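Number of protein chains: 2
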Amino acid sequence: MNIEKPFENIIEHIINAGIRPTRQRIALAKLLFRGDYRHVTADGLYKEALRENIRISIATIYNTLHQFTAANLLQKIVVDSDRTYFDTNVGHHHHFFYSDLGQLEDIQNGKIELLKLPELPHGTKVDSVDVLIKISKKTI
Amino acid sequence: MNIEKPFENIIEHIINAGIRPTRQRIALAKLLFRGDYRHVTADGLYKEALRENIRISIATIYNTLHQFTAANLLQKIVVDSDRTYFDTNVGHHHHFFYSDLGQLEDIQNGKIELLKLPELPHGTKVDSVDVLIKISKKTI
DNA sequence: GTGTTTGCAAAGTGTTTGCAATTTA
DNA sequence: TAAATTGCAAACACTTTGCAAACAC
Numbered sequence: 041m042n043i044e045k046p047f048e049n050i051i052e053h054i055i056n057a058g059i060r061p062t063r064q065r066i067a068l069a070k071l072l073f074r075g076d077y078r079h080v081t082a083d084g085l086y087k088e089a090l091r092e093n094i095r096i097s098i099a100t101i102y103n104t105l106h107q108f109t110a111a112n113l114l115q116k117i118v119v120d121s122d123r124t125y126f127d128t129n130v131g132h133h134h135h136f137f138y139s140d141l142g143q144l145e146d147i148q149n150g151k152i153e154l155l156k157l158p159e160l161p162h163g164t165k166v167d168s169v170d171v172l173i174k175i176s177k178k179t180i
Numbered sequence: 041m042n043i044e045k046p047f048e049n050i051i052e053h054i055i056n057a058g059i060r061p062t063r064q065r066i067a068l069a070k071l072l073f074r075g076d077y078r079h080v081t082a083d084g085l086y087k088e089a090l091r092e093n094i095r096i097s098i099a100t101i102y103n104t105l106h107q108f109t110a111a112n113l114l115q116k117i118v119v120d121s122d123r124t125y126f127d128t129n130v131g132h133h134h135h136f137f138y139s140d141l142g143q144l145e146d147i148q149n150g151k152i153e154l155l156k157l158p159e160l161p162h163g164t165k166v167d168s169v170d171v172l173i174k175i176s177k178k179t180i
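Those protein sequence lines, which keep their order, are chains A and B.
What the first sequence shows, in the numbering used here, is residues 41 to 180, in sequence order.
What the second sequence shows, in the numbering used here, is residues 41 to 180, in sequence order.
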């Protein structure tokens, strides 16, 4: 059985990433990194923080999301042009997007495979390959 | 050899789509549908129109792009959260995105293949499957 | 003529920024 | 106490909207 000290681990986590563990950043890290992978938007995380009585401004939410992203604790996902999503799963993987709900869901690695990549335009290199499967409720 | 009347064809094109061929819409359609497939942004198309001495407002650019999209003359592509791209190629295909340049390029059909799609969450159906390959200039 | 479309300016949305006050090390 | 961070309000970029004037049929 694995005895954890989740709180300290999260602080270590962000310290190791070279980020000063301020009250706000610790609070957000606790929301983000305690448990399953998550997909959050700035506004969603802000509301969640308020609900949990974390005193924080939306500016700090944005700052923190970007710092965490720069430190590779989060990954930015582009799904629709209205809002930016951040994924706590920074490994390489693809996504379902529930168009109806505006919600992202990871596709397990290995559940999808790209056969045959096209040849790249001359003098370029691949930065990322992303598959996005948009889904919606089936109507009989 | 195929003798075309591109101007009339374009008008027919939008009339067939159930869109009234106003001066502005014809002008934009001529920019968009005369020749190779294109990827445009609202602002890019606006500047291009101004350069060609087409008197039009940015509001009308947006209206027209949306009407054309609703009529399936254009397809919206989500690449980055700062701007919306519209693709004159409405067939199913995937994209390269030059991160450096903010430019989209079609991947020829058949150049990429998805092997194995994941099973969908229960009660859902696929609306679209998009592959986006971000590329940038190779630095030796 | 009548209903549609245009263009302007104003409003809206999500995000970023400048800067004084606060907090961290 | 020096340097980094926060939070507010203002600024921003892109997009949408309300409405009177112009246009298409």
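Yeah, the Cβ is synthetic: ideal placement off N, Cα and C, and Gly gets one too.
Everything numeric in this text was worked out from a predicted model, so none of it was measured.
Check, Outcome
"Should the stretch 156-174 of chain B be regarded as contacting the stretch 125-143 of chain B, the criterion being three or more beta carbon pairs within less than 8 Å?", "yes"
"Is the beta carbon of T104 of chain B less than 7 Å from the beta carbon of L71 of chain B?", "no"
"In whole angstroms, what separates the C-alpha of D140 of chain A from that of I180 of chain B?", "44 Å"
"So, for N42 of chain A: in the same chain, excluding its five sequence neighbours on each side, which residues have a beta-carbon less than 7 Å away from its beta-carbon?", "Confidence in N42 of chain A is poor, its pLDDT being 45 and thus under 50, which makes the residue's placement too unreliable to answer from."
"Using 8 Å for Cβ pairs, my map puts V119 of chain A next to L154 of chain A. What's the rounded Cβ distance?", "The pair is not a contact, with the Cβ atoms about 19 Å apart (cut-off 8 Å)."
"Per DSSP, which one or two residues make a beta bridge with H134 of chain A?", "A:I147"
"Check the Cβ of T109 of chain A against every Cβ in chain B and list those closer than 9 Å, keeping chain order.", "Residues of chain B passing the Cβ test: none, with the nearest at roughly 13 Å."
"Can you check whether the CB of I175 of chain B is closer than 7 Å to the CB of L160 of chain A?", "yes"
"Please compile the residues from chain A whose C-beta is within a distance smaller than 7 Å of the C-beta of S139 of chain B.", "D167"
"So that I know if they touch, is there some Cβ in chain A lying closer than 7 Å to that of V118 of chain B?", "yes"
"Let me know the secondary structure DSSP gives I175 of chain B once reduced to three states.", "strand"
"Pick out the complete beta strand (DSSP E) segments inside the stretch 67-104 of chain B, 3 residues or longer, and give them in chain order.", "79-81"
"Going by DSSP, what residues sit across from F126 of chain B in a beta bridge?", "B:V80, B:K116"
"Since T81 of chain A contacts T109 of chain A with CB under 8 Å, what's their CB separation in whole angstroms?", "Their Cβ separation, rounded to whole angstroms, is 13 Å, which puts T81 of chain A and T109 of chain A out of contact at 8 Å."
"So that I know if they touch, is there some Cβ in chain A lying closer than 7 Å to that of K174 of chain B?", "yes"
"Which residues, in chain order, does the stretch 152-164 of chain B contribute to contact with chain A at a C-beta distance below 8 Å?", "I152, E153, L154, L155, K156, L157, P158, E159, L160, P161, G163, T164"
"Return helix, strand or coil for T164 of chain B, following the three-state DSSP convention.", "strand"
"Which same chain residues end up closer than 6 Å to E44 of chain A when comparing Cβ atoms and leaving out the 5 residues on each side of it in sequence?", "At E44 of chain A, the pLDDT of 47 sits below 50, so the modelled position is not reliable; the number obtained from the coordinates is stated separately. Answer for E44 of chain A: no residue qualifies."
"In whole angstroms, what is the alpha-carbon distance linking N49 of chain A and H162 of chain B?", "36 Å"
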